[in-house]
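Asker: Just so we're aligned, residue 1 is where the sequence shown starts under the UniProt record's numbering, counting upward by one. For every residue, glycine included, the Cβ atom is placed at its ideal position computed from N, Cα and C.
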Amino acid sequence: MSGQPGTTDSQGAAADKLPYEWTQSLATVDISVPIAQGTRGRDIKGDLSRAVRPDECTWSLESGDGVLSIQLDKANKNEWWPSVLTTDPQIDTSKIEPESSSLSDLDGDTRAMVEKMMYENRMKALGRQ
């Protein structure tokens, strides 16, 4: 998890002991797991800390470097995950600085709500509310 934004030194140290690295955006969690040759699917276990959309999740195995790359599509795209697995050390999600985004990145309902709030703020600033 060394590339995870928003971690403190102690959180980063605990995360560095994980057997994988991970990063996240509001939409996805990306995980890289080095695996030994001969590892089988049943050898990889753990309960995710949050819900995902299974039909939208993907994985690939790079045979040359023995790294399993997993992309999890978050069920709730409005929250940061404190950890990948329930048994992992948690990060302080309040310290994460989100990446820049645009309205087009939002789903329809969220976009409409944000546009309404922006309109109301403009009207308030103009003294029309």
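Using CA coordinates, which residue listed in 89, 79, 43, 105 is at the minimum distance from residue 96?
Answerer: Stepping through the sequence shown from its first residue, residue 96 is reached at position 96. Among 89, 79, 43, 105, the Cα nearest to that of residue 96 belongs to 79.
Asker: When we look at the beta-carbon of residue 17 and count the other beta-carbons within 10 Å, is it buried (16 or more) or exposed?
Answerer: For this step, residue 17 is matched to residue 17 along the sequence shown. So residue 17 ends up on the exposed side.
Asker: Residues in the same chain with beta-carbon distance under 6 angstroms from residue 67, minus the five sequence neighbours each way, listed in chain order, please.
Answerer: Counted from its first residue, the sequence shown places residue 67 at position 67. Closer than 6 angstroms at Cβ, skipping near neighbours: 32, 34.
Asker: Could you give the C-beta distance for residue 77 and residue 27, rounded to a whole number, given that I count them as a contact under 8 angstroms?
Answerer: In the sequence shown, residue 77 corresponds to position 77, counting from 1. In the sequence shown, residue 27 corresponds to position 27, counting from 1. With a Cβ gap of about 5 angstroms, residue 77 and residue 27 count as contacting.
Asker: Given a cut-off of 8 angstroms on the beta-carbon distance, is the pair residue 44 and residue 59 in contact?
Answerer: Locating residue 44 in the sequence shown gives position 44, where the first residue counts as 1. Locating residue 59 in the sequence shown gives position 59, where the first residue counts as 1. Contact flag unset, no.
Asker: Counting only the same chain and skipping the five closest in sequence on each side, list residues whose C-beta sits under 8 angstroms from that of residue 9.
Answerer: Working through the sequence shown from its first residue, we reach residue 9 at position 9. Because the pLDDT of residue 9 is 42, which lies under 50, any placement of that residue in the model is unreliable, and the question is left without a value.
Asker: By a C-beta neighbour count over all protein chains shown, 10 Å radius and 16 as the cutoff for buried, is residue 74 buried or exposed?
Answerer: Here residue 74 corresponds to residue number 74 of the sequence shown, with the count starting at 1. Its Cβ being crowded by 16 or more others within 10 Å, residue 74 is buried.
Asker: Helix or strand or just coil, what does DSSP make of residue 83?
Answerer: In the sequence shown, residue 83 corresponds to position 83, counting from 1. Coil.
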